[in-house]
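Single-structure report; data block below.
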Amino acid sequence: MSSLLIVAQVAASFLLLIGAGLMLRSFLRLQRVDPGFQPENVLTMQIGLDFVKYNTGDKQRAFFETLLEKIQMQSGVKSAAASMMIPFTNDMKMTGDFQIQGQATTPGQALPTADFRIVSPCYFEALHIPIFKGRGFLQSDRPGNPDVAIVNRSAASHLWGSQDPVGTRFSTDRGKNWTQVVGVVGDIKQYGLDKNAADEIYVAMAQNPMMESSLVIKTSVEPMSIARGVIELLHAIDANQPAARMRSLEQVRAESVAAPRLTSNLLGLFALLALAIAATGIGGVMALVVGQRRHEIGVRMAIGARPGEILRMILGQGMSLTLVDRPTSG
């Protein structure tokens, strides 16, 4: 019975070790996934405006443009932008369907669908997201000028097919208004390193003002070292305006893989504990075997068996517990 228990303990511990190893390998592979942008040296924060004080699009636009302009001039800042949400998060997901001008549709046919992102100029620059075709957003992409958008490569491939999206137009309101595609950018892992890139369409913040926004600030120094200065600039514009969740983008990335890391660590810990318990049990059984076979050992030594042979016999019986399921012979 004791042998069966030891066999079960060893088997369970090895299963846990294998599971922990697989989880660790998956976690390490996840860490090596290219997110499609550079999270290093990027400070992030969230700002939600008072809807009473900033109750028009013009006021919202003016606030964020003024703040970004001041941040851009701060020492240690390379680029600053605003976005409806930062990578590795799903705080403000906005998905909608649209019609691409010139693409024939039939009654009842589903329209193309994509995730829409509102970003300011310099967003792609701040995160080093490559622009493959066309251009990024400009300061001139404002109300009064044609509405513009930028699509990622996934959307270009899935939704435009063989057609070059740059220069085409689409409508989100059944043809009442049209937005022109001016660029194609790289895909990013918006929802996590273990998720596929979504079909994304970026639209200009100046043409789509927001009450809530996340800032992404590319720095030449340690990101958190400029945090106090950014808050001072924020309060210089509005002394009562708070900022939330100030952290580096690398911290956000680390938090996004915290669950698999914890699972891997816990599995490893349980496996080591189970292995220690099994090893203790094997040691106890081996001591019992020696006690039970003391007479046999004495006889073997009396007829010339060497100590090494006796040791191999005892160790062999103990090791067999980890390999086969059979009771200890007496």
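Taken in order, the sequence shown gives residues 10 to 339; the numbers are from this note's numbering.
Note that the Cβ used here is the ideal one computed from N, Cα and C, for glycine as well.
Just the Cα atoms here: how many angstroms apart are residue i and residue j?
| i | j | result |
| --- | --- | --- |
| L258 | T115 | 44 Å |
| V230 | T65 | 36 Å |
| P218 | M93 | 10 Å |
| A252 | L243 | 8 Å |
| L388 | L281 | Look at the range of the chain in this structure, 10 to 339, and you will see that residue 388 is not part of it. |
| W187 | F179 | 5 Å |
| G176 | S234 | 42 Å |
| G184 | R34 | 50 Å |
| Q83 | G111 | 46 Å |
| F23 | G325 | 19 Å |
| T337 | F36 | The pLDDT assigned to T337 is 42, lower than 50, so where the model puts this residue is not dependable, and the model offers no usable value. |
Considering Cα atoms alone, identify which of the options is closest to residue i.
| i | options | result |
| --- | --- | --- |
| M101 | I56, E134, Q83 and S84 | I56 |
| R262 | P44, A20, V160 and G30 | P44 |
| L168 | D182, K204 and L120 | L120 |
| G105 | G201, D208, N249 and E78 | D208 |
| Y132 | I323, I226 and A20 | I226 |
| G7 | F125, P155, I109 and N205 | Absent from the model: residue 7. The displayed extent of the chain is 10 to 339, so no value can be given. |
| G153 | D67, V266, L77 and G307 | D67 |
If you measure between the beta carbons of residue i and residue j, is that distance less than 8 Å?
| i | j | result |
| --- | --- | --- |
| A123 | I197 | no |
| M214 | Y63 | no |
| L147 | P130 | yes |
| A135 | S223 | no |
| T53 | R237 | no |
| R151 | Q216 | yes |
| V212 | I95 | no |
| L202 | L39 | yes |
| I319 | M310 | yes |
| V86 | G143 | no |
| T181 | F107 | yes |
Spatial neighbours of residue i within its chain, please: CB distance less than 7 Å, with the 5 preceding and 5 following residues excluded, ordered by chain position.
| i | result |
| --- | --- |
| F141 | R162, V193, V194 and G195 |
| H137 | F46 and Q47 |
| T75 | I246 |
| V333 | Model confidence at V333 stands at a pLDDT of 49, short of 50, so the residue's coordinates are unreliable and nothing is read from them. |
Taking 6 Å as the limit between beta carbons, can you name the residues of its chain near residue i, skipping five residues before and five after?
| i | result |
| --- | --- |
| Q81 | A89 |
| A165 | P174 and V193 |
| A314 | none |
So, for residue i: in the same chain, excluding its five sequence neighbours on each side, which residues have a beta-carbon less than 8 Å away from its beta-carbon?
| i | result |
| --- | --- |
| A158 | F179, T188, Q189, V190, V191, I210, Y211, V212 and A213 |
| F60 | M220 |
| V299 | I306 and I323 |
**Complete runs of the alpha helix (DSSP H) confined to the segment 60-84 [at least 4 residues]** = 66-81
**Request:** Report the residue ranges of all beta strand (DSSP E) runs contained in full by the segment 220-253; include only those spanning at least 3 residues, in chain order.
**Result:** 221-228
**Asked** Can you list, in chain order, the stretches of the alpha helix (DSSP H) that have 4 or more residues and sit fully within the segment 148-194?
**Response** 162-168
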